[in-house]
Amino acid sequence: MAVLTTAMPMAVLAATWYLPPGWNLLGTAAMLTGFLLVLGKAIVGVPLALLISERNLMSLSRFQALVWTVVVMAGYLTMTLARVKTGASNAGGVSIPQELWIAMGISTTSLLGTPLVLGGKRARSPDEKLVRNTSVQLAEEATDIDAHRQGVLYANANMTDARMADMFQGDEVGNTAHIDLAKVQMFYFTLIAAVGYFMDVAMSVARGANSALPALSQGMLALLAISHGGYLLGKTGDHSNSKPA
6 MAVLTTAMPM AVLAATWYLP PGWNLLGTAA MLTGFLLVLG KAIVGVPLAL
56 LISERNLMSL SRFQALVWTV VVMAGYLTMT LARVKTGASN AGGVSIPQEL
106 WIAMGISTTS LLGTPLVLGG KRARSPDEKL VRNTSVQLAE EATDIDAHRQ
156 GVLYANANMT DARMADMFQG DEVGNTAHID LAKVQMFYFT LIAAVGYFMD
206 VAMSVARGAN SALPALSQGM LALLAISHGG YLLGKTGDHS NSKPA
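So the sequence shown is residues 6 to 250, counted in this note's numbering.
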């Protein structure tokens with residue numbers, strides 16, 4: 006870990022310093038992503054460990070939070086080091102627009118709000134008929150589902166059982182075999198917003214405009230807010246005909 010934490014800043018510095026403007030942002034983002042993968046592998050033996058929730062499932066709320074973290078951090082680091090390279094005063098004074106703070110707040114709300122919304126469901130039990138139905142649909146023993154579930158929430162036995170498909174499935178035993186449309190919507194809007202914003206930052210860096218990160222449009226903020234709101238509201242319903250445990 007000591008070698009890893011020393012090598013990562015040096016790799017980021019090299020990518021930003023030596024790659025052409027615009028490409029240095031891509032290099033920095035790649036280095037940050039690589040660090041997260043190595044971190045997961047070094048600590049728990051799974052490269053994508055940061056995406057895996059306490060239920061041993063790939064989490065969409067974690068995914069979107071990490072995407073925004075990498076995009077914003079890569080942009081800020083690239084602009085800061087570019088200012089150092091050109092000898093600008095107050096190199097760390099890259100301005101962060103209010104719209105970006107709002108987007109990060111929306112992202113964090115989903116990340117922290119998810120366990121709060123699902124917390125009460127851990128004290129309830131699913132309908133046994135739905136457990137059997139899910140067992141058939143997933144080709145998994147009903148006894149295994151019962152053994153690993155957390156209340157009505159579906160869970161895997163181990164982190165190594167986590168799959169990317171988890172991000173699009175329902176949270177409960179009663180709907181985990183189905184695709185959650187609210188999750189699909191949030192995934193698309195997150196990718197569209199993050200990729201679009203990444204390109205905006207890359208073009209700013211390529212032009213030498215390193216004094217401030219670009220702002221997100223009001224329309225994109227509205228789409229993010231609606232999709233994240235739908236994501237959280239979709240978790241409040243009872244999809245397992247549950248009863249108190």
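Think of the CB as a built atom: it goes at the ideal place given N, C-alpha and C, for glycine as much as any other residue.
Query	Result
Nearest to phenylalanine 192 by alpha carbon, out of Ser209, Ala170, Ala207 and Val178?	Ala170
Taking only three categories from DSSP, how would you classify glutamate 104?	helix
Among Phe203, Ile48 and Val178, which one has its Cα closest to the Cα of leucine 31?	Phe203
Considering just the uninterrupted stretch of the alpha helix (DSSP H) at glutamate 163, what are its terminal residues?	Before going further, note that residue 163 is asparagine rather than glutamate in the sequence given. Element bounds for asparagine 163: n/a, residue is neither H nor E.
Under 8 angstroms by Cβ, that's how I've got lysine 240 and leucine 123 pegged, so tell me the actual separation to the nearest angstrom.	6 angstroms
Please report the straight-line C-alpha distance between alanine 12 and serine 100, rounded to a whole angstrom.	27 angstroms
Under a three-way DSSP split, which group does alanine 147 fall into?	helix
Between which residues of its own chain and serine 94 is the CB-CB distance below 7 angstroms, once the five residues before and five after are set aside?	none
Going by DSSP, what residues sit across from arginine 129 in a beta bridge?	Pro249
Assuming valine 89 and alanine 96 make a contact with CB atoms under 8 angstroms, what is their CB distance in whole Å?	5 angstroms
Please name the residue in Asn161, Ala167, Gln103 and Leu229 whose C-alpha comes closest to that of lysine 188.	Leu229
Of the residues Ala227, Thr181 and Leu105, which one's Cα is nearest the Cα of alanine 144?	Thr181
For proline 131, count neighbouring Cβ atoms within 10 angstroms of its own Cβ and tell me buried if that reaches 16, exposed if not.	buried
Mind checking asparagine 161: buried by the 16 CB within 10 Å criterion, or exposed?	buried
Starting from isoleucine 48, follow the alpha helix (DSSP H) in both directions and report where the run begins and ends.	28-49
Identify whether alanine 19 lies in helix, strand or coil by the three-state DSSP scheme.	helix
What is the DSSP secondary structure of alanine 217, reduced to helix, strand or coil?	strand
Leucine 158 bridges to which residues according to DSSP?	Gln155 and Glu177
Buried or exposed, going by whether 16 or more other CB atoms sit within 10 Å of the CB of tryptophan 73?	buried
Leaving out five residues on either side along the sequence, give the residues of the same chain with a beta carbon under 6 angstroms from the beta carbon of glutamine 174.	Thr181
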